[in-house]
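Number of protein chains: 2
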Amino acid sequence: MTEQTNSSAIDQLLSERIKSTPPSFVRSILKVAVDPEIISFAGGLPNPVSFPQEELLTSMERIVKTYGDKVFQYSVTAGIPELRRLLAQRYSQRYGVNLTEENILITTGSQQALDLISKVLLNDNDGIIVEKPSYLGALQAFSQYHPTFYPVNLTKDGLDLNQLEEALTHENIKFVYAIPDFQNPTGLTYSAENRKKVGEILQKHNIVLVEDDPYGDLRFRGERLPYIGLGKHPNSIVLGTFSKTVTPGMRIGFIVSENKELLKNISISKEASDLHTNVFSQYLIYDYLSNNDVDAHINDIKNLYEDQAQAMLNAMAEYFPDTVSYTKPDGGMFIWATLPEGVSALELFPKALEKKVAFVPGDPFYVNQKNVNTMRLNYTNADSTTIKEGIRRLGELLKEL
Amino acid sequence: MTEQTNSSAIDQLLSERIKSTPPSFVRSILKVAVDPEIISFAGGLPNPVSFPQEELLTSMERIVKTYGDKVFQYSVTAGIPELRRLLAQRYSQRYGVNLTEENILITTGSQQALDLISKVLLNDNDGIIVEKPSYLGALQAFSQYHPTFYPVNLTKDGLDLNQLEEALTHENIKFVYAIPDFQNPTGLTYSAENRKKVGEILQKHNIVLVEDDPYGDLRFRGERLPYIGLGKHPNSIVLGTFSKTVTPGMRIGFIVSENKELLKNISISKEASDLHTNVFSQYLIYDYLSNNDVDAHINDIKNLYEDQAQAMLNAMAEYFPDTVSYTKPDGGMFIWATLPEGVSALELFPKALEKKVAFVPGDPFYVNQKNVNTMRLNYTNADSTTIKEGIRRLGELLKEL
Chain A
4 MTEQTNSSAI DQLLSERIKS TPPSFVRSIL KVAVDPEIIS FAGGLPNPVS
54 FPQEELLTSM ERIVKTYGDK VFQYSVTAGI PELRRLLAQR YSQRYGVNLT
104 EENILITTGS QQALDLISKV LLNDNDGIIV EKPSYLGALQ AFSQYHPTFY
154 PVNLTKDGLD LNQLEEALTH ENIKFVYAIP DFQNPTGLTY SAENRKKVGE
204 ILQKHNIVLV EDDPYGDLRF RGERLPYIGL GKHPNSIVLG TFSKTVTPGM
254 RIGFIVSENK ELLKNISISK EASDLHTNVF SQYLIYDYLS NNDVDAHIND
304 IKNLYEDQAQ AMLNAMAEYF PDTVSYTKPD GGMFIWATLP EGVSALELFP
354 KALEKKVAFV PGDPFYVNQK NVNTMRLNYT NADSTTIKEG IRRLGELLKE
404 L
Chain B
4 MTEQTNSSAI DQLLSERIKS TPPSFVRSIL KVAVDPEIIS FAGGLPNPVS
54 FPQEELLTSM ERIVKTYGDK VFQYSVTAGI PELRRLLAQR YSQRYGVNLT
104 EENILITTGS QQALDLISKV LLNDNDGIIV EKPSYLGALQ AFSQYHPTFY
154 PVNLTKDGLD LNQLEEALTH ENIKFVYAIP DFQNPTGLTY SAENRKKVGE
204 ILQKHNIVLV EDDPYGDLRF RGERLPYIGL GKHPNSIVLG TFSKTVTPGM
254 RIGFIVSENK ELLKNISISK EASDLHTNVF SQYLIYDYLS NNDVDAHIND
304 IKNLYEDQAQ AMLNAMAEYF PDTVSYTKPD GGMFIWATLP EGVSALELFP
354 KALEKKVAFV PGDPFYVNQK NVNTMRLNYT NADSTTIKEG IRRLGELLKE
404 L
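Line order of the protein sequences matches chains A and B.
Under the working numbering, the letters of the first sequence match residues 4 to 404, in that order.
Under the working numbering, the letters of the second sequence match residues 4 to 404, in that order.
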């Protein structure tokens, strides 16, 4: 058999689902940009300084000694009670709610939470309200279940309220997906006022509200704001992760919800999808959190990211033409740049690679839009000098527009 | 809001998919059987002796030292090349095929492979041929995608060939799911002759063949037999795992396939489902395999399981009435007992709990069959003395039938 007949034969067997799931643009890009001379603002990798290697190694030794077999054996689907209790306490204290371990489900990274939530809620053509633009990994996870997307403009204050109310008139809406803090890709944060109003609008509807919060701990400016749903909306879900504050390689995320019925169904789906999340890593994160000054560790990360964000903003002020505007994030990992009307960031991409600098063109963050004039720039995975040089190269290109 | 209105409100939002996904019977049972006095043959847990704790701890220290950041950072979806190359070599040597790392995809346990394969292949009502009985976790994973099941009787030699040909006349069949070695739940192994004939029959059809092989390394009697599909069928998939030979808690499984197009699609689906499998655990398993006499370790496990299987068979010969028949496995973890016609193992279950012994009634291993007269007994997670006592208690009950 030849490679070709083989491939066409398998095409006949593929589900409609996989045919409508795009491979991640970022991951394709990362493969292109392997040249070590390229300065890449395309990824979304945390700086390795955020991995407390020594402390994690100490925790590994301790948990093998303390728990023995248990860290290597099969375990329960919802996650180890120790870690779930710790998270329940943390969220209860911080947000004035009353959670127990039954309100927490451990997931194999937040990406799995996005998959499971879709799996549990979506029939074909059901509606999802997403920010415009939104996180491409979420759009990818949702796409697997054939939804109808209703994008709502994300403004500098948060969701466009008129568009939100309009989108909610569609009867098939199952959930709203939002990233209120330092949004991916824009770096924007919903204001307290916007959160309140969004919450009031959603109260009138029996839908699920998913607030994805991977960066909330990485606020380097301003005060922490309340969630839109937690403690207020009966079907509220908050997604958290240790990927940005401890280690992404361990794939430990979690779902927080006061709706136990919803969590029970997500748990059944998780059981069918991967039985349970790596139990060694759960004990490891639990032990690390219990035996270290995590706040001090997170402060170090925030200080670093604030410096790097500032280095990027300074360089943009110096090297970008006035025709390019951009966001100024209060935390998180990304800046979003808007080029002059009609310019395609995607077409600019190969030219940027020639100049040995990479970014993510805006397209994959939108539902069905091509050649948009926006781009995402990540500042967490390069030092300030490198950032300055990368932005200088990009600025040269932008000045030619 | 009350718990009740909350629950009915969320019911309106659930997908048809989750409504048709049964929670795992085994896991429900395990919750019932928490009484420490109960001797449980219900689980499928490996004996903790199969976890090389000291060696794994040594490997942890070594990989943190050797690879540093890389074991904590985000990684590629298909899995780390080192581990995939090692597996490609092992399978190439053992089965006379020519595999590279591109033929291997690392999954978050084999359960995820079952989920991803369904995701990539099944539209609503597409057909799956499964053994009758089959692994309940697989039936659960597949059920999420609304398939039509075509069960084919599993005999002591393997699949019933006439029923297989009959099932294959249905046009919507996407894949065959088989566990040819020490099947779960029956402990049966397909004969060499049966494998050959099944392979010949499948050659005539453009379908995927999934051979799930979690126990293949745990053969304590007889010679290793070839796979039905690997090296022969263009759409062959073999599933492997380290859960039974190193540690299940780390959730490291893998897919072996010569069909790269199929693997590419599974990889896109995996990216959307959990980005990638825990990278620390991948390096850990790789390092452990590279620096230890794994064959000797697996021999120890096999010797232990052979003793335990024999202890159970001896006790069954002594305590079970002649009206109960049972399989005699050449490896793996399970014995399958058949009670007299008309006896419901499910109805027997609460009586067994009263006698402080547990098993899995056959029902969840069948598609839509209730009150069957079969039960699964696991012998890997109790010592021989305990096994004898548990079978004695069960025998008392069976003699009352």
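A virtual CB, placed ideally from N, CA and C, is assigned to each residue, including glycine.
All values reported here derive from a predicted model rather than from experimental measurement.
Delimiting residues of the alpha helix (DSSP H) encompassing residue i
i             : result
residue 389/A : 387 to 402
residue 63/B  : 56 to 70
residue 125/B : Per DSSP, residue 125/B belongs to no alpha helix (DSSP H) and is neither H nor E.
residue 89/A  : 84 to 98
residue 21/B  : 19 to 22
Cβ separation of residue i and residue j, assumed to be a contact under 8 Å, to the nearest whole Å
i             : j             : result
residue 182/B : residue 134/B : 7 Å
residue 285/B : residue 255/B : 6 Å
residue 167/B : residue 204/B : 6 Å
residue 364/B : residue 349/B : 4 Å
residue 308/A : residue 383/A : 6 Å
residue 338/A : residue 330/A : 6 Å
residue 139/B : residue 27/B  : 7 Å
residue 191/B : residue 159/B : 6 Å
Nearest residue (CA-CA) to residue i, options the options
i             : options                       : result
residue 315/A : 389/A, 245/A, 260/A and 291/A : 389/A
residue 169/A : 153/A, 61/A, 297/A and 242/A  : 153/A
residue 83/B  : 68/B, 46/B, 143/B and 103/B   : 103/B
residue 252/A : 192/A, 283/A and 311/A        : 283/A
residue 165/B : 174/B, 155/B and 187/B        : 155/B
residue 245/A : 258/A, 234/A, 233/A and 236/A : 258/A
residue 117/B : 356/B, 338/B and 214/B        : 214/B
residue 187/A : 359/A, 28/A and 336/A         : 336/A
residue 374/B : 195/B, 59/B and 345/B         : 345/B
residue 301/B : 271/B, 219/B, 232/B and 328/B : 219/B
residue 54/B  : 45/A, 73/A and 49/A           : 73/A
residue 402/B : 351/B, 368/B, 391/B and 362/B : 351/B
residue 173/A : 196/A, 193/A and 208/A        : 208/A
residue 305/A : 354/A, 280/A, 222/A and 262/A : 222/A
residue 358/B : 324/B, 372/B, 370/B and 397/B : 397/B
residue 394/B : 159/B, 51/B and 320/B         : 320/B
residue 356/B : 149/B, 211/B and 399/B        : 399/B
residue 369/B : 262/B, 190/B and 137/B        : 137/B
residue 387/A : 360/A, 313/A, 371/A and 249/A : 313/A
residue 146/B : 273/B, 119/B, 94/B and 14/B   : 119/B
residue 212/A : 274/A, 240/A and 247/A        : 240/A
residue 51/A  : 267/A, 268/A, 288/A and 249/A : 249/A
residue 311/A : 291/A, 298/A, 77/A and 333/A  : 333/A
residue 202/B : 229/B, 216/B and 262/B        : 229/B
residue 180/A : 143/A, 195/A and 57/A         : 143/A
residue 288/A : 45/A, 19/A, 58/A and 77/A     : 58/A
residue 49/B  : 224/A, 75/A, 162/A and 80/A   : 75/A
residue 217/A : 113/A, 354/A, 372/A and 79/A  : 113/A
First through last residue of the beta strand (DSSP E) which encompasses residue i
i             : result
residue 244/A : 239 to 244
residue 257/B : 255 to 260
residue 233/B : No beta strand (DSSP E) holds residue 233/B; DSSP gives it neither H nor E.
residue 214/A : 211 to 215
residue 349/A : Where residue 349/A is concerned, there is no enclosing beta strand (DSSP E), although the alpha helix (DSSP H) it sits in stretches over 348 to 357.
residue 381/A : 377 to 381
residue 435/A : Residue coverage of chain A in this structure runs from 4 to 404, which leaves residue 435/A outside it and unanswerable.
Item to check | Contact set between the region 169 to 188 of chain A and chain B, restricted to residues whose Cβ is under 7 Å from the partner | outcome: 177
Next on the checklist: For the region 225 to 254 of chain B, list every residue whose C-beta sits within 9 Å of some C-beta in chain A, in sequence order.
Outcome noted: Among the residues of the region 225 to 254 of chain B, those with a Cβ less than 9 Å away from any Cβ of chain A are 237, 238, 246, 249, 250, 251, 252, 253 and 254, in the order of the chain.
Next on the checklist: Please give the ranges of any alpha helix (DSSP H) in the region 266 to 346 of chain A, keeping only runs that are unbroken, at least 4 residues long and fully inside the region.
Outcome noted: 282 to 294 and 297 to 322
Item to check | Near-chain A residues of the region 99 to 115 of chain B (beta-carbon distance less than 7 Å), N- to C-terminal order | outcome: For the region 99 to 115 of chain B, the set of positions with a beta-carbon nearer than 7 Å to some beta-carbon of chain A reads 111, 112, 114 and 115 in chain order.
Item to check | Short-range partners of chain A found in the region 273 to 289 of chain B, where Cβ spacing is below 8 Å | outcome: Residues 274, 275, 276, 277, 278, 279, 280, 281, 282, 283 and 284.
Item to check | Secondary structure, alpha helix (DSSP H): runs of 4+ residues fully inside the region 142 to 197 of chain B | outcome: 164 to 170
Item to check | Where the region 80 to 98 of chain A meets chain B: residues whose CB sits under 8 Å from a CB there | outcome: 80
Item to check | chain A contacts made by the region 37 to 59 of chain B, where a contact means CB separation under 7 Å | outcome: 48, 51, 54 and 56
Next on the checklist: Short of 9 Å Cβ to Cβ, which residues in the region 123 to 137 of chain A face chain B?
Outcome noted: 123, 124, 125, 126, 127 and 129
Checklist entry - Using a Cβ cut-off of 7 Å, which residues of the region 333 to 346 of chain A contact any Cβ in chain B, in chain order? => result none
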